[in-house]
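So in the numbering used here the end of the sequence shown lands on 344, straight run, no missing numbers.
Heads up, the beta-carbon is just placed ideally off N, CA and C, and yes, glycines get one too.
Since the structure is predicted, the reported quantities are computational estimates derived from the model, not experimental observations.
Taking it in order: structure first as structure tokens, then the write-up.
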Amino acid sequence: MRDWVMRAADDLHVHLRDDVRSSAAIQAIRLGGSSRVLAMPNTQPAILSGADAVKYRDWLHRQGLDVELLMTIKLTADTTPEIIIEAARLGAVAGKLYPLGVTTNSEDGLQDPMFLAPVFEAMQQVDMVLSLHGEVPGVFVMDAESAFLPHLDEINSCFPNLRVVLEHITTKDAVDFVKKSASSCLAATITDHHLEITLSDVVGSRIRPHHFCMPVAKRPDDLKALIEVVRSGDPRFFSGSDSAPHLIHDKQSDCGCAGIFSSPYHMQVLASIFSRCDMMPRLEAFTSQHGANFYGLDVNSQQICLKPKSWKVPDRFGGIVPFMAGKMLDYELEWL
Ligand code: DOR
Ligand code: ZN
Numbered sequence: 009m010r011d012w013v014m015r016a017a018d019d020l021h022v023h024l025r026d027d028v029r030s031s032a033a034i035q036a037i038r039l040g041g042s043s044r045v046l047a048m049p050n051t052q053p054a055i056l057s058g059a060d061a062v063k064y065r066d067w068l069h070r071q072g073l074d075v076e077l078l079m080t081i082k083l084t085a086d087t088t089p090e091i092i093i094e095a096a097r098l099g100a101v102a103g104k105l106y107p108l109g110v111t112t113n114s115e116d117g118l119q120d121p122m123f124l125a126p127v128f129e130a131m132q133q134v135d136m137v138l139s140l141h142g143e144v145p146g147v148f149v150m151d152a153e154s155a156f157l158p159h160l161d162e163i164n165s166c167f168p169n170l171r172v173v174l175e176h177i178t179t180k181d182a183v184d185f186v187k188k189s190a191s192s193c194l195a196a197t198i199t200d201h202h203l204e205i206t207l208s209d210v211v212g213s214r215i216r217p218h219h220f221c222m223p224v225a226k227r228p229d230d231l232k233a234l235i236e237v238v239r240s241g242d243p244r245f246f247s248g249s250d251s252a253p254h255l256i257h258d259k260q261s262d263c264g265c266a267g268i269f270s271s272p273y274h275m276q277v278l279a280s281i282f283s284r285c286d287m288m289p290r291l292e293a294f295t296s297q298h299g300a301n302f303y304g305l306d307v308n309s310q311q312i313c314l315k316p317k318s319w320k321v322p323d324r325f326g327g328i329v330p331f332m333a334g335k336m337l338d339y340e341l342e343w344l
């Protein structure tokens with residue numbers, strides 16, 4: 009075990025909220041080693057236009073966010089090509105599509121993604137990334153991601169120059185689909201937690217609401233496929249934490265919310281996982297290069313150092329239960 013100096017991370021999928029949870033979510037970004045974030049638009053109310061995104065970005069900076077924020081808008085049945093063109097002009101880099109009702113704040117999601125074909129056409133024209141929550145509404149949760157892949161195939165073939173990110177993939181099927189795709193416009197993000205847990209860690213001998221997220225963690229073979237594709241160094245796979253804070257009573261409830269709050273110790277957790285899997289040399293490209301390249305951004309100039317040290321993750325961060333609470337990690341982080 010040695011010190012690892014590397015570029016600070018790009019967290020290319022994070023939920024910063026627009027309420028009491030935002031203060032913890034914002035503070036967590038630097039602590040976890042990120043210097044640029046792509047903020048998701050499923051706030052309440054949602055970010056539906058370029059003007060909403062600019063307002064949200066400015067609000068987050070006023071709340072203390074001191075890293076670069078990449079803006080997104082949410083795609084709904086009311087999104088038009090004009091909204092896309094204006095959002096791109098104002099600097100939004102991605103449009104996020106949620107299928108109907110599959111996760112937190114997706115009640116305005118789509119049953120059929122191709123309903124938005126004219127919107128995809130406009131995104132392709134202005135080179136805005138399509139960010140996809142890839143699950144089919146109503147399908148059994150363990151199969152919902154695999155069932156989405158034919159829809160992704162259709163989007164890729166109808167819009168060959170549209171850059172698409174299949175977010176927070178959880179299955180071997182999704183890994184294989186992206187690996188086998190001939191498209192240079194397709195990539196996938198992988199979360200910290202999907203590199204660590206399976207369904208048994210959510211509903212094994214005990215129910216663990218703080219491990220519940222969507223898409224839900226899958227089988228050991230799926231976890232293995234995710235680890236192995238990261239080990240392979242394939243540049244189409246990069247880090248997006250999907251860190252999604254919820255208040256404790258919203259998680260520990262009769263009808264609890266999906267979401268895992270991983271950003272406070274994002275790079276410390278990843279370093280511990282990568283080190284245990286003997287793939288530390290792959291970490292920097294996964295968190296700080298592949299995603300920047302896909303989004304056409306310069307790589308971060310700020311650097312962090314991951315130092316070997318055994319320490320225990322606190323039970324709470326800003327009143328919220330962080331990922332790996334009470335567990336031992338193998339690295340601490342310092343900004344250089
Ligand atoms: O677990 C999740 N939580 N998955 C999502 O797609 C959304 C997120 C949230 O916003 O809480
Ligand atoms: Zn998300």
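- Here the distance from the Cβ of A33 to the nearest heavy atom of the ligand ZN is not below 7 Å.
- When rounded, the separation of the alpha-carbon atoms in A152 and K82 is 21 Å.
- Pairing L207 with K226 gives a Cβ-Cβ distance under 8 Å.
- For D200, the CB stays at least 7 Å from every heavy atom of the ligand ZN.
- In its chain, beyond the 5 residues on either side, P243, F246 have a beta carbon closer than 6 Å to the beta carbon of H298.
- Restricted to the segment 238-282, the alpha helix (DSSP H) segments that are unbroken, complete and at least 4 residues in length are 256-259, listed in chain order.
- With a cutoff of 8 Å on beta-carbon distance, T87 and V137 are scored as not near each other.
- For M222, the Cβ falls inside the 7 Å cut-off from some heavy atom of the ligand DOR.
- The Cβ atoms of V62 and L98 sit closer than 8 Å to each other.
- The Cβ-Cβ distance between T199 and S154 does not fall below 8 Å.
- With respect to V110, M288 sits apart: the two C-beta atoms are not nearer than 8 Å.
- Three or more beta-carbon pairs drawn from the segment 102-120 and the segment 130-149 are found closer than 8 Å, and the two stretches are therefore classed as touching.
- Beta-bridge analysis with DSSP links M336 to K320.
- Look at P107 here: in three-state DSSP terms it is strand.
- With the rule of 3 Cβ pairs closer than 8 Å, the segment 45-53 counts as touching the segment 17-29.
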